[in-house]
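Counting from 1, one number per residue, gives the positions in the sequence shown under UniProt numbering. Glycine included, each C-beta is placed from N, C-alpha and C at the ideal position.
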Amino acid sequence: MGPYLQNHHSEVKELMQERAKVVQLLKENLQQAQNRMKMYADRKRTEREFEVGDEVFLKLQPYKQTSVALRKQLKLSAKYFGPYKVIERIGKVAYKLALPTGSKIHLVFHVSLLKKKIGSKYFPSLDLPEFDEEVFKVYPVVILVMRLIPRNNVGVSQVLIQWSHGSPDQATWEDYKDMAARFPGFDPWGQGSKKGGRDVASTNRNAISAGSRLMEGADDNRPIQGELN
């Protein structure tokens, strides 16, 4: 092996050794960061404790519908129900609550789902909605607006839905045919719901009436010409 090859081999060897040191240092730093995160998480979990007789709010997530739009709207909308009394401590991180009679959900919850009631100013929500496992189901309440949009050069009928346990600000646009298939018992042309003394269905009577005729006569596979407003 000539001098050039020997020098090149030595440089490559040194480079590989330096690289190995850097990789090892990164692994050690990552492990230290993971250990710190675990320590902080454990500390946070152990600091939250309740006594039998305490009143706590129960945090639960909405049911994940197949609609991507609905998931985006509700994923940050965990709701607190209660307050409910703690009747038993189960182990170190779980508590049994006194839920309303007839609640179709287990009574034991992880401490991370509980928040102690402090003070007297709160709006109680004692009635629990229908559940599926540890999430509550949501249903369409009223159709706020209707529209026809272009999709792949065909017209698609959509409705703006306000959901149960959600505000009008959390309403989502859904395909009409998909809604009709997922919620066949929902009557969008009924009396609607009243919010703040205002009849939502009545307020949107013109839009709903026009949308109803549109749904009855529209073909979602029909090509459209130009832009739709």
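Collapsing the DSSP output to three states places A98 in coil. K104 is the residue among I149, V12, K104 whose C-alpha sits nearest the C-alpha of K137.
Short of 7 Å from the beta carbon of V141, and not among the five residues preceding or following it, lie these beta carbons of its own chain, in chain order: Q162, W163, S164, S193. E55 and K79 have their C-alpha atoms spaced approximately 16 Å apart. In the three-state reduction of the DSSP assignment, S112 falls in the helix class, which pools H, G and I. Per DSSP, D175 is one residue of the beta strand (DSSP E) stretching across 172-175. The closest CA to that of E51, considering only L30, Y84, G185, D169, is found on Y84. Comparing C-alpha distances from K59 to each of E28, N29, Q17, H110 shows the shortest one belongs to H110. Burial is judged here by how many other beta carbons sit within 10 angstroms of a residue's own beta carbon; E174 has at least 16 and is buried.
Per the coordinates, the alpha-carbon of L160 lies some 6 Å from the alpha-carbon of A171. Our two residues, R48 and R19, have alpha carbons roughly 44 Å apart in a direct line. By DSSP's assignment, M146 forms a beta bridge with V159. Per DSSP, the beta bridge partners of Y80 are K59. A residue is called buried once 16 or more other Cβ atoms fall within 10 Å of its Cβ, and Y40, having fewer, is exposed. For E88, the beta-bridge partners assigned by DSSP are K96.
V108 is a Cβ neighbour of K96, given a cutoff of 9 Å.
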